[in-house]
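The block underneath contains the structure these notes are about, expressed in structure tokens.
Residue numbers (the UniProt record's numbering): 1 to 515.
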């Protein structure tokens, strides 16, 4: 293989969501873009993988946490960084049936939801990438209490139909939700309490009983701990409430065919339409990156000469240690699990209301759902995201269950997560994979901001989301990071008569929603 040119305006390393958004925007702005990924699939850390691809991915990350010579001896900076960040990965063997159908699965390395109002949905619309991808509404959010999953009301109508809540508590809850949905930053109730724990704030400010306060804290504000700061948690909860109704009775959209990886591939397709050049696989894995006056050089196996560009956009994983300011990993460790089950999780089953007429249609069972397991007796909160055949993630009669919780560096991910899987699906799984993810936690994790670094000049380093709300915040963070990279290359404001994915005449349309 030999590329047509040695020189490009921008070289983008990795096809993660942020990188792919930046590549598409820069190509649309008229820049010559070379997009490289040493993996043989699109999506980077947000990729959607088949079962055999997931097994291969896990095998390469099976080692224990280490920054020793074993990690330093890896054949590429990318694999070295990956083996530090992802460790202790295990998978069960593929049965003959799973092996035969392995390509019918789309398993996400970054299971996440897209708020109906946020940076990613805005970018999907303005870029026209919405025509390449499809979504469906999340069917419901439940909280685990007293040995069972209880569905959290999604709006005012659901609150007043919930017969398990007294009329007085319904009024208190509605007062709290009205406060959260408004401009609360200057409200007297919040002044002086911005850094109070969200659970205590809700209990004190609105006299919510423990059960309702927990539901708002963990299933609406999506806090990870009762001590999460009130202000940041309320901001998340407000976006939840304001996202309700845009596309239907849910605040969140679920990406089809694995989620974020499919969205990233949509942006890569858009970049190619605007003239971007793509190389994937081992021939695209950077062997050396050099920063010189006037640009950056990249050496790859698939081209006989060094490639040069005015800017290189990349995450730290592709960079040699000498170009990464922060070399330490592991201040936040997350245990992650992925399971394929053939028994329907009970939380997805829908029953008619107790007062329903005999001839009233039985509601269809849910295909997707989120279950939150609140912190108990010192154990951290755990979350589960369930995706069924309607998402294109698995064959009919099967479901993908994603699980995660905070962990210690030396913890056993399977031991921490399997008890939650057994609560959801007592029959067990036909396939399981577990691993640990180690990330550097931002000093402002409660209100993470997106930025890029352009030091040394020409090298645009994309930040990774390091907060505790990956499920609801990570995709919008990636969209903001992609825009930040675009601005770092071209400068903020107008660029050659066109802004970031600017649409002529203020065109407006909706994201590709299947519901």
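The C-beta atom is built at its ideal place from N, Cα and C for all residues, glycine as well.
Nearest to residue i by CA position, among the options, is which residue?
| i | options | result |
| --- | --- | --- |
| residue 307 | 317, 115, 292 and 268 | 292 |
| residue 380 | 346, 370, 406 and 227 | 406 |
| residue 339 | 400, 115, 313 and 65 | 400 |
| residue 388 | 104, 266, 361 and 435 | 104 |
| residue 517 | 173, 87, 309 and 422 | An answer regarding residue 517 cannot be provided, because it is not within the stretch 1 to 515 covered by the chain. |
| residue 370 | 345, 76, 199 and 203 | 345 |
| residue 201 | 433, 174, 229 and 51 | 229 |
| residue 247 | 121, 77 and 45 | 121 |
| residue 81 | 415, 468 and 437 | 437 |
| residue 136 | 95, 207, 278 and 259 | 259 |
| residue 29 | 100, 42 and 127 | 127 |
| residue 41 | 7, 284 and 364 | 284 |
| residue 395 | 102, 16 and 274 | 102 |
| residue 234 | 273, 266, 176 and 132 | 176 |
| residue 321 | 351, 290, 300 and 309 | 290 |
| residue 239 | 182, 107, 304 and 12 | 182 |
| residue 153 | 133, 305 and 249 | 249 |
| residue 273 | 25, 8, 4 and 12 | 25 |
Exposed or buried, which one is residue i when buried takes at least 16 other CB atoms within 10 Å?
| i | result |
| --- | --- |
| residue 450 | Residue placement at residue 450 is flagged as unreliable, the pLDDT there being 48, under the threshold of 50; the coordinate-derived value follows with that caveat. Looking at its Cβ environment, which holds 16 or more other Cβ atoms inside 10 Å, residue 450 is buried. |
| residue 189 | exposed |
| residue 59 | exposed |
| residue 20 | buried |
| residue 483 | buried |
| residue 383 | buried |
| residue 167 | exposed |
| residue 14 | buried |
| residue 61 | buried |
| residue 375 | buried |
| residue 65 | buried |
| residue 186 | exposed |
| residue 286 | buried |
| residue 245 | exposed |
| residue 95 | exposed |
| residue 361 | exposed |
| residue 130 | buried |
| residue 70 | Unreliable placement is indicated for residue 70, whose pLDDT of 48 sits below 50; no coordinate value is reported for it. |
| residue 164 | exposed |
| residue 203 | buried |
| residue 10 | buried |
| residue 304 | exposed |
Tell me residue i's beta-bridge partners as DSSP assigns them.
| i | result |
| --- | --- |
| residue 175 | Its beta-bridge partners do not exist; DSSP assigns none. |
| residue 37 | 280 |
| residue 311 | 10 |
| residue 87 | 436 |
| residue 144 | 149 |
| residue 459 | 312 |
| residue 95 | Per DSSP, none; premise fails for residue 95. |
| residue 386 | 369 and 401 |
Within this structure, are the beta carbons of residue i and residue j separated by less than 8 Å?
| i | j | result |
| --- | --- | --- |
| residue 112 | residue 474 | yes |
| residue 212 | residue 337 | no |
| residue 98 | residue 430 | yes |
| residue 231 | residue 194 | yes |
| residue 366 | residue 348 | yes |
| residue 54 | residue 90 | no |
| residue 209 | residue 169 | yes |
| residue 57 | residue 373 | no |
| residue 219 | residue 141 | yes |
| residue 123 | residue 488 | no |
| residue 486 | residue 22 | yes |
| residue 408 | residue 333 | yes |
| residue 282 | residue 38 | yes |
| residue 425 | residue 341 | yes |
| residue 472 | residue 151 | no |
| residue 312 | residue 324 | no |
| residue 251 | residue 115 | yes |
| residue 309 | residue 16 | no |
| residue 46 | residue 261 | yes |
| residue 215 | residue 198 | no |
Terminal residues of the continuous beta strand (DSSP E) containing residue i?
| i | result |
| --- | --- |
| residue 318 | Note, residue 318: premise wrong, no beta strand (DSSP E); not H, not E. |
| residue 402 | 399-407 |
| residue 501 | From DSSP, residue 501 is part of no beta strand (DSSP E); its letter is neither H nor E. |
| residue 254 | 252-255 |
| residue 291 | 288-292 |
| residue 334 | 332-341 |
Which first and last residues belong to the alpha helix (DSSP H) in which residue i is found?
| i | result |
| --- | --- |
| residue 201 | 198-206 |
| residue 235 | 230-243 |
| residue 121 | 119-127 |
| residue 413 | 413-424 |
| residue 472 | 470-490 |
| residue 263 | 260-273 |
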